[in-house]
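Reading through the structure tokens given below for one structure.
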Amino acid sequence: MTLITAHSGCDGTADNSIEFLDYAFGREVDCLELDVRRDGKGRLILSHDKAESSAPLLETAFDRLKRHPEKMINCDLKEENMELSVLELAKHYGVENQIIYSGEVNLELIGKDNSRLEPVKIFLNIENLLPEIYEEPGAGKLHGQEYWEKVKNALDKIPQYEIQCINVDYHLWKEPFKQFLGAHNGKCSLWTVNEKEDIKSFLEDGVYNITTRTAKAALKIREEAGIR
5 MTLITAHSGC DGTADNSIEF LDYAFGREVD CLELDVRRDG KGRLILSHDK
55 AESSAPLLET AFDRLKRHPE KMINCDLKEE NMELSVLELA KHYGVENQII
105 YSGEVNLELI GKDNSRLEPV KIFLNIENLL PEIYEEPGAG KLHGQEYWEK
155 VKNALDKIPQ YEIQCINVDY HLWKEPFKQF LGAHNGKCSL WTVNEKEDIK
205 SFLEDGVYNI TTRTAKAALK IREEAGIR
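Under this note's numbering, the first residue of the sequence shown carries the number 5, and numbering increases by one thereafter.
Have a look at this one:
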């Protein structure tokens with residue numbers, strides 16, 4: 005089944021807000037994506053760019069999550085060294101099996117057969133393996149074949165880590181990338197996919213997850229296509 009993840013602020017709700025939580029928990033989405041960082045007091049909050057004093061606490065989201073055992077939350081970690089603290093909080097609310105990490109994930113914590121983050125699922129952002137990945141081929145340091153060779157080398161590292169899938173900007177979903185990922189039987193999560201035709205195409209491709217700001221439309225497309 006291709007999962008549908010509601011991007012924070014989907015369908016006109018405010019990013020990282022209680023409004024978004026209430027909206028997404030009331031829909032048939034499989035997962036909610038939230039931006040997580042610390043505020044000045046060290047508390048885990050929902051905020052993308054800075055620690056806002058009015059930002060909801062992550063524990064508020066986890067408290068709601070425990071009432072929805074069929075759903076997950078993707079914690080997009082916006083700062084380093086939060087993995088263990090978020091996991092501890094999830095365990096406190098009994099939702100550790102419903103948590104995904106993306107964003108700033110320390111590779112040392114997810115080594116194959118030595119992961120310190122179980123049972124968290126990892127959607128590993130490809131830039132953690134190749135920081136320059138989103139330079140356009142032919143721009144900057146990377147050029148054409150050299151670009152795709154570096155992408156291949158990055159994906160060759162997948163077997164070293166305990167991850168659920170690779171998390172990438174949907175514009176990277178091109179034939180060379182598909183081939184390289186397929187060589188490792190890898191799964192892919194695509195962000196942030198908002199256009200109906202793109203959603204339908206990626207559903208037909210059988211990607212593992214689609215993160216979207218148009219969650220209502222994505223759910224309708226998946227239902228109409230019978231792709232589960």
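Glycine is no exception: its CB is placed at the ideal position from the N, C-alpha and C atoms.
Taken through DSSP and simplified to helix, strand or coil, E166 comes out as coil. The Cβ atoms of L121 and E166 sit closer than 9 Å to each other. Y97 places its beta carbon 9 Å or farther from that of I126. Shown here for P123: same chain residues with a beta carbon closer than 7 Å to its own, the five before and five after excluded, namely E100 and N101 in chain order. One alpha carbon belongs to H188, the other to I225, and they sit about 29 Å apart.
For the pair of segments examined, the stretch 86–96 was found not to touch the stretch 51–58: the number of CB pairs separated by less than 8 Å stays below three.
For the alpha helix (DSSP H) assignment, the uninterrupted runs of no fewer than 4 residues enclosed by the stretch 80–153 are, from N- to C-terminal side, 87–97.
Beyond the five residues adjoining it in sequence on each side, T196 comes within less than 7 Å, by CB distance, of H11, T215, T216 and R217 in the same chain, given in chain order. One Cα belongs to L36, the other to Q149, and the distance between them is close to 36 Å. The criterion of a C-beta distance shorter than 9 Å is not satisfied by N118 and C169.
Assigned with DSSP and collapsed to three states, S205 falls in helix.
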